[in-house]
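K.L.:
Sequence order for the protein chains is A and B. Heads up, the working numbering is the position in the first sequence plus 277, with the first residue counted as 1. Heads up, the working numbering is the position in the second sequence plus 410, with the first residue counted as 1. Sharing a structure here in C-alpha cells format.
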Amino acid sequence: MIVPGTGVQYGMTGDQQLIRGMLAGDERAFEAFFNAYFARVYRFALPRLNGDVEAAKDVVQATLGKAMRGLAGFRGDSGLFTWICRICRNEVVEYLRARNRGAHVVLMDDHAGLRAAVESIEAPEEFDLVKSCGREEAARLVRAVLDRLPANYGDALEWKYLEGHSVEAIGQRLGIGTIAAQSLLARARVAFREGLESVFGAEAADIASGLGA
Amino acid sequence: MNDQDLERLLKSAGLRERPPAEVEHAVRARLHAEWTAMLQSNRERRYRRGGFALAAGLLAAAVGLWIAGSGTSAPPAAVGTLAVASGEVREKAGWLSGWRAMDGGDVVLAGRTLETGPDGRAALALPGGVSVRVDRGTRVALVEPGVLTLVRGALYVDSGAGQARLARLRIETPAGSVRHVGTQYELRLLDSGVRLRVREGRVEFRSPDGAMEQGAGGEQLMILGDGRVQREATTRHGPSWDWVADAAPAIDLEGMTLSRFLAWAGRELGREVAYAPELAETDLAAVVLHGSTQGLTPGEALQAVLATTSFSAAIAGEEIRIARRDPS
C-alpha cells in the first residue's frame, strides 16, 4: 500500500512490511495503516450498528486499537483486513451486547456462506444476488467488494471511474509516477473483476444491468 | 470487463460512504496516542527483559525476586490526582464500562476517560507541578502519564514555575499534538478547528503530517479543519480566561510568604505583579501568611489575603499593582 502523497509504499511484499514498520515506530507505517483501514473498517461497522455514527466511532477505535496491539502476533493466515474485520465483528457484538440494543443486526455478508465468499474472494456463489437481495443490497455488496480489495485499489478505481481523475492525477495523488499508477489501476481492475465474480457469480456488465445501469 | 462496463457498474453502485471528518480526526488522534503508548510499553518491556537476562547471570536469587515482582499484571499507571472537582466530574475505564463520579483527591489512572458535565470543572495535578484545568463539557482521555487526548471541550495547562516547567506533557487533538516548553496555555476544540491560546512561554504544535508551529505568549493559533493555521494576538486575561481561575486548586497558604502568594495570584490571573516604587519585594517576603483560601477564586483570594495585611492590590491593565495601604 502507498502512503498517499508520499509515494512511500508498504505491503508490496505483503502485510508483514507494514507490521514491521508499525512495530518499529515508523510514522509512515502508522499513516499507511490508518489510511488503509480506517474508512474501510468504519464502513464495515456502521451498517452493523444501525448507522449509529457515535457507536461506529467507538467500535472502530476499539477495533483498530486491538488490531494494533495484536500486530506482533498476526500470523498472516488471512489478509490483514480480513483479520481486522473479524476483530471488528466481535467488537460490534460486544458493543451491542453491552448496550442491550436488542436483536443482532444481520446483514448479507454476516451469513456464513456469503461472508466466506466476500472475505476469501474465492468460492463463487451459485445464485443471482442482484435478484435475490435487491438493488440496494447488491450496490452495497459492490462497494463492499471495493473495500475488500488490497489497499488503494478501491480508491484508485473510484478516483478514475467515479471522479474522473486522469491516471496522471491519480499518480500524483498517491505520490507515484504515471506508469506506476497505470500498473496499479490494471491490478485493481483484475482484483475487482475477480472479487465481483466470486461474490456475484457474474461479470460486471451483467451486474451493472441488474442494478439498472 | 472493459472500462465502460466498469464505469457503468461503479456509477450504479455509487461512491463508498466517507466517514465524517471529525470522526476520522478523533479516531486518528486516539489511535496515534495508543500507538505511541504501545511502542513505549514495548520498549520498557524489552528493557526489563534485558535487565532480566543480565541479572540472571549474576544473581539467581535476586532474579527470582524480580520475576515475582514483575510477573504479576501491573495496575494502570497513575496519571495524576484530581485536585479540584466542581459540579459533575466523572470517569470511565473503557467504552464497555459505565461512568463513575469523581471527587477531589481521587487518583486518575491511565486508560481512563474523564468528562465534565455542563456544570462541571476540574483541575488535575500532574507530576512535576503541572496543573491541567478542565472546562465545562470537556472529555479528555488519559492515555498514559504525560499524554492526554482532548476529545471535546477545553483544557488549560500551567506547567508551573522553576524546575516544574521541564515536566513533559503532550496533548493530542484531532488536528495534531501540542507540547509545551514552559508555559500556560489553553487548548479548545471548536467546530471550526482547534484553538490554541498561549498566555506565557512557548507551545509547539505538530500536525499529523509532521509540520510544526510554535506559539509564543500573547499569541493565538487557530488550526482549521483543512490544516491551515491562522495566527493572531490574544489577551492574557479577561472574561475568556475566567474559567481557568474558577477551576484553580486552592493554594496552601500556611507559612507562605506574601511575595510568593502574589506571584501565584499573578500567574493565575495572567497579570504581572508590580510593586509601588516605595516598596521592595523583600518587604513582602517578610510577611508570612496563615489560614486558608479554600473555596475562593484567585481574584477573591488576593483581596481576602491582602485585607489582612498593610498592603493593597489594584488591577490596572496588564498589572496587579501592590502598594502600601493608606493608613486613613
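Note that beta-carbon positions come from the ideal geometry of N, C-alpha and C, so glycine has one too. Keep in mind the model is a prediction, meaning the values are calculated, not measured.
Quick one: what does DSSP say A/Pro401 is sitting in, helix, strand or coil?
P.N.:
Position 124 of the first sequence, counting from 1, holds the residue named residue 401 of chain A. Confidence at A/Pro401 is low in this model, with a pLDDT of 41, below 50, so its placement is unreliable and no value can be given for it.
K.L.:
Would you mind telling me which residues of chain B sit closer than 7 angstroms to A/Gln449, beta carbon to beta carbon, in chain order?
P.N.:
Position 172 of the first sequence, counted from the first residue, corresponds to residue 449 of chain A. None at all; the shortest Cβ gap to chain B is about 17 angstroms.
K.L.:
Just tell me which of B/Pro659, B/Thr523, B/Thr692 and B/Asp529 has its CA closest to the CA of B/Leu558.
P.N.:
In the second sequence, counting from the first residue as 1, residue 558 of chain B sits at position 148. Nearest of B/Pro659, B/Thr523, B/Thr692 and B/Asp529 to B/Leu558, Cα basis: B/Thr523.
K.L.:
Run through the DSSP bridge pairs and tell me what B/Thr523 is partnered with.
P.N.:
Walking along the second sequence from the start, residue 523 of chain B turns up at place 113. Answer is B/Lys502 and B/Ala551.
K.L.:
For A/Asn327, count neighbouring C-beta atoms within 10 Å of its own C-beta (all shown protein chains included) and say buried if the count is 16 or more, exposed if not.
P.N.:
Working through the first sequence from its first residue, we reach residue 327 of chain A at position 50. A/Asn327 is exposed by the Cβ-count criterion.
K.L.:
Does the region 711-730 of chain B touch the region 667-679 of chain B, meaning 3 or more C-beta pairs lie closer than 8 angstroms?
P.N.:
Yes: the two stretches touch, three or more of their Cβ pairs being nearer than 8 angstroms.
K.L.:
Could you tell me whether the Cβ atoms of B/Asp516 and B/Leu492 are closer together than 8 angstroms?
P.N.:
The count along the second sequence starts at 1 and reaches residue 516 of chain B at position 106. The count along the second sequence starts at 1 and reaches residue 492 of chain B at position 82. Going by C-beta atoms, B/Asp516 is nearer than 8 angstroms to B/Leu492.
K.L.:
Evaluate B/Glu682 with the Cβ neighbour count: other Cβ atoms within 10 Å of its Cβ, from every protein chain shown; 16 or more gives buried, anything less gives exposed.
P.N.:
One-based indexing of the second sequence puts residue 682 of chain B at position 272. Under this definition B/Glu682 is an exposed residue.
K.L.:
So, with DSSP's three-state summary, where would you put B/Ala660?
P.N.:
The residue given as residue 660 of chain B occupies position 250 in the second sequence. B/Ala660: coil per DSSP, three-state reduction.
K.L.:
Between the C-alpha atoms of A/Met385 and A/Pro324, what's the straight-line distance to the nearest angstrom?
P.N.:
On the first sequence, residue 385 of chain A is found 108 positions in, with the first residue counted as 1. On the first sequence, residue 324 of chain A is found 47 positions in, with the first residue counted as 1. The predicted position of A/Met385 is uncertain, since its pLDDT is 41 and thus under 50; a value taken from the coordinates is nonetheless stated next. Their Cα atoms are separated by approximately 11 angstroms.
K.L.:
Name the chain B residues that come within less than 9 angstroms of A/Ala433, Cβ to Cβ?
P.N.:
Residue numbering aside, residue 433 of chain A sits at position 156 when the first sequence is read from its first letter. Going along chain B, no residue has its Cβ under 9 angstroms from A/Ala433, so there is no contact; the nearest lies around 12 angstroms.
K.L.:
Rounded to a whole number of angstroms, what is the C-alpha to C-alpha distance between B/Pro649 and B/Asp656?
P.N.:
Start at 1 with the first residue of the second sequence, and residue 649 of chain B comes out as number 239. Start at 1 with the first residue of the second sequence, and residue 656 of chain B comes out as number 246. Spanning the two alpha carbons is a distance of roughly 11 angstroms.
K.L.:
Between A/Leu423 and chain B, is any beta-carbon pair separated by less than 8 angstroms?
P.N.:
One-based indexing of the first sequence puts residue 423 of chain A at position 146. Closer than 8 angstroms to some Cβ of chain B, the Cβ of A/Leu423 qualifies, so yes.
K.L.:
Report yes or no: do three or more beta-carbon pairs, one from the region 424-444 of chain B and one from the region 578-591 of chain B, lie closer than 8 angstroms?
P.N.:
At 8 angstroms Cβ cutoff, the stretches touch.
K.L.:
Near B/Leu694, which residues of its chain fall below 8 angstroms by C-beta distance, leaving aside the five closest residues on each side in sequence?
P.N.:
Position 284 of the second sequence, counting from 1, holds the residue named residue 694 of chain B. Hits under 8 angstroms: Thr667, Leu668, Ser669, Leu672, Tyr685, Phe721 and Ile732.
K.L.:
Could you name the residues of the region 427-450 of chain B whose beta carbon sits closer than 8 angstroms to any beta carbon of chain A, in the order they occur along the chain?
P.N.:
Going along the region 427-450 of chain B in chain order, one finds Glu427, Arg428, Pro429, Pro430, Val433, Glu434, Ala436, Val437, Arg438, Arg440, Leu441, His442, Glu444, Trp445, Met448 and Leu449 with a Cβ nearer than 8 angstroms to chain A.
K.L.:
Going by DSSP, what residues sit across from B/Tyr595 in a beta bridge?
P.N.:
Numbered from its first residue, the second sequence carries residue 595 of chain B at position 185. B/Tyr595 pairs with B/Val567 and B/Val608.
K.L.:
The beta strand (DSSP E) spanning B/Thr645 covers which residue range?
P.N.:
Taking the second sequence and counting its residues from 1, one reaches residue 645 of chain B at position 235. No beta strand (DSSP E) contains B/Thr645, which DSSP labels as neither H nor E.
K.L.:
Between which residues of its own chain and B/Gln630 is the CB-CB distance below 8 angstroms, once the five residues before and five after are set aside?
P.N.:
The residue labelled residue 630 of chain B in the question sits at position 220 within the second sequence. Cβ within range, chain order: Arg605, Leu606, Arg607, Val608, Arg641, Glu642, Ala643 and Thr644.
K.L.:
Count the other CB atoms, across all protein chains shown, that sit within 10 Å of the CB of B/Arg638; report buried if there are 16 or more and exposed otherwise.
P.N.:
In the second sequence, residue 638 of chain B corresponds to position 228, counting from 1. Exposed is the call here.
K.L.:
Going by Cα to Cα distance, which pick from B/Leu599, B/Gly508 and B/Gly514 is closest to B/Val550?
P.N.:
Stepping through the second sequence from its first residue, residue 550 of chain B is reached at position 140. Cα-wise, what sits closest to B/Val550 is B/Leu599.
K.L.:
For a cutoff of 8 angstroms on Cβ pairs, would you count A/Gln338 as touching chain B?
P.N.:
Translated into positions along the first sequence, residue 338 of chain A becomes position 61. Yes, its Cβ sits closer than 8 angstroms to a Cβ of chain B.
K.L.:
Using a Cβ-Cβ cut-off of 7 angstroms (strictly less than) and excluding sequence neighbours within five positions of B/Glu729, which residues of its own chain qualify?
P.N.:
Along the second sequence, read from residue 1 onward, the residue named residue 729 of chain B stands at position 319. Closer than 7 angstroms at Cβ, skipping near neighbours: Arg681, Glu682 and Ala684.
K.L.:
Decide yes or no for the touch test of the region 410-429 of chain A against the region 474-489 of chain A: beta carbon pairs closer than 8 angstroms, at least 3 of them.
P.N.:
Yes: at least three Cβ pairs fall under 8 angstroms.
K.L.:
With H, G and I counted as helix, E and B as strand and the rest as coil, what does DSSP make of A/Ser486?
P.N.:
The residue you call residue 486 of chain A lines up with position 209 of the first sequence. Note: A/Ser486 maps to helix in three-state DSSP.
K.L.:
Hey, could you find the ends of the alpha helix (DSSP H) A/Arg366 is sitting in?
P.N.:
Mapped onto the first sequence, residue 366 of chain A falls at position 89. Where A/Arg366 is concerned, the enclosing alpha helix (DSSP H) stretches over Leu357 to Arg376.
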